[in-house]
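Single-structure report; data block below.
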Amino acid sequence: MKSLLLIFAHPDDEIVFAGGVASRYSGAGARVALCTATLGERGKLGIPPLCTAAELGRTRQAELTEAATLIGVSTLRVLGYPDRGLQHAPTGTIRLQLVEVIRAARPHVVITFDPNGSNLHPDHIAISRFASDAIAAAADPRWFPDLAPPHQVSRLLWTLPVRPWDVVRRGDPAGVAGVDFVVDVAAWKDRKAAALRAHRTQHLSLDRILLSKPDVDRLLSVELFRQAWGPPTAARPAGDLFDGL
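Our numbering puts the first residue of the sequence shown at 30, with every later residue one more than the last.
If you want it as structure tokens, here you go:
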């Protein structure tokens with residue numbers, strides 16, 4: 030059975046960048062797992078506010094659970110690190126947690142942020158670094174031998190170093206450097222939109238970048254990724270995350 034693991038920093042990252050592929054592959058019988066590092070408790074409250082600032086972390090966790098269910102995530106792990114403080118997570122602790130997630134999910138493909146975090150957000154940059162570290166450790170039996178057996182991830186994919194919706198708007202992304210996968214998720218765009226709307230507290234940002242745009246259907250119909258490492262694909266860009274595995 031194919032297996033996909035998403036490792037992101039905040040609730041809603043998973044839908045913005047990979048909600049379509051999660052829906053596509055879970056619908057085809059693949060296992061899809063999600064690890065979210067923070068609760069996004071420093072995010073927006075919504076207009077009008079949907080909760081107090083003190084309640085935002087719990088509210089966003091509930092939104093995350095609903096959104097993950099909509100896109101077919103079978104296993105959700107929330108690490109609970111401080112929003113905008115993920116770079117200060119104890120390296121040994123988060124390594125152990127992520128190795129545990131990887132060895133439990135045993136993914137063929139992992140998706141996370143690129144090393145610049147897509148938009149230089151410090152939490153995005155931090156989770157990219159921690160994910161790469163944990164993928165290497167998860168394959169080495171000397172790390173945490175009391176956990177599940179070692180697991181070698183076959184392919185690591187990054188989000189693009191620029192906003193993917195900007196690339197889509199410029200035309201055919203196939204010729205753009207760094208676009209190694211162009212995945213058609215048009216059949217799942219309505220599910221992705223519903224999952225975005227499940228993140229109710231963040232509606233201002235999600236409306237601004239995607240949901241309120243006149244070309245929203247086009248923007249939700251394709252997802253783009255860069256291959257960090259893994260086997261070469263038959264063509265570049267490839268249309269299937271599991272191509273060549």
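The C-beta atom is built at its ideal place from N, Cα and C for all residues, glycine as well.
Next on the checklist: Using only CA atoms, which one of A224, R53, T65 lies nearest to L99?
Outcome noted: A224
Checklist entry - If we ignore side chains and look at the alpha-carbon of each, how far apart do A257 and S241 end up? => result 32 Å
Checklist entry - Beta-carbon separation of A163 and R124 under 8 Å? => result yes
Next on the checklist: Quick check on R229 - is its C-beta less than 8 Å from some C-beta in chain D?
Outcome noted: Protein chains in the displayed structure number just one, and chain D is not present.
Next on the checklist: Quick check: the Cα distance between A155 and L186, rounded to an integer number of angstroms?
Outcome noted: 16 Å
Item to check | Supposed close pair G75, T230 - CB separation, criterion 8 Å | outcome: 5 Å
Checklist entry - Looking only at its own chain, which residues have a Cβ that is under 7 Å from the Cβ of R276, when we skip the five neighbours before and after it? => result The chain is shown only over 30 to 274; residue 276 falls outside these bounds and no answer can be derived.
Next on the checklist: Quick check on the burial criterion: 16 or more other C-beta atoms within 10 angstroms. Buried or exposed for D246?
Outcome noted: exposed
Checklist entry - Going along the chain, which residues of its own chain have a beta-carbon closer than 6 Å to the beta-carbon of L63, five neighbours each way excluded? => result L35, E43, A97, V102, L105
Next on the checklist: According to DSSP, F254 sits in a beta bridge with which residue or residues?
Outcome noted: F210
Checklist entry - Does the stretch 202–210 come within contact of the stretch 163–179, defined as at least 3 CB pairs closer than 8 Å? => result no
Checklist entry - Between the Cα of T88 and the Cα atoms of P77, L68, V107, which residue gives the shortest distance? => result L68
Checklist entry - Can you name, in chain order, every residue of its own chain whose Cβ lies under 6 Å from the Cβ of F46, other than the five neighbours on each side? => result T188
Checklist entry - So, is G180 buried or exposed, given that buried needs 16 or more other C-beta atoms within 10 angstroms? => result The sequence shown places His at residue 180, not Gly. Buried, by the Cβ-count rule.
Next on the checklist: Using the three-state DSSP reduction, which class does L248 fall into: helix, strand or coil?
Outcome noted: helix
Checklist entry - Which ranges would you report for the beta strand (DSSP E) in the stretch 58–93 if only whole runs of at least 3 residues count? => result 60–67
Checklist entry - Do G48 and K221 have their C-beta atoms closer together than 8 Å? => result yes
Checklist entry - On the premise that L235 lies in contact with D41, defined as a C-beta separation below 8 Å, what is that separation, rounded to the nearest angstrom? => result 7 Å
Checklist entry - If E92 sits next to H228, beta carbons under 8 Å apart, how far is it from one beta carbon to the other, in whole angstroms? => result 5 Å
Checklist entry - If we ignore side chains and look at the alpha-carbon of each, how far apart do Q116 and V211 end up? => result 30 Å
Item to check | Option nearest V130 by Cα separation, candidates A59, T65, K31, R53 | outcome: T65
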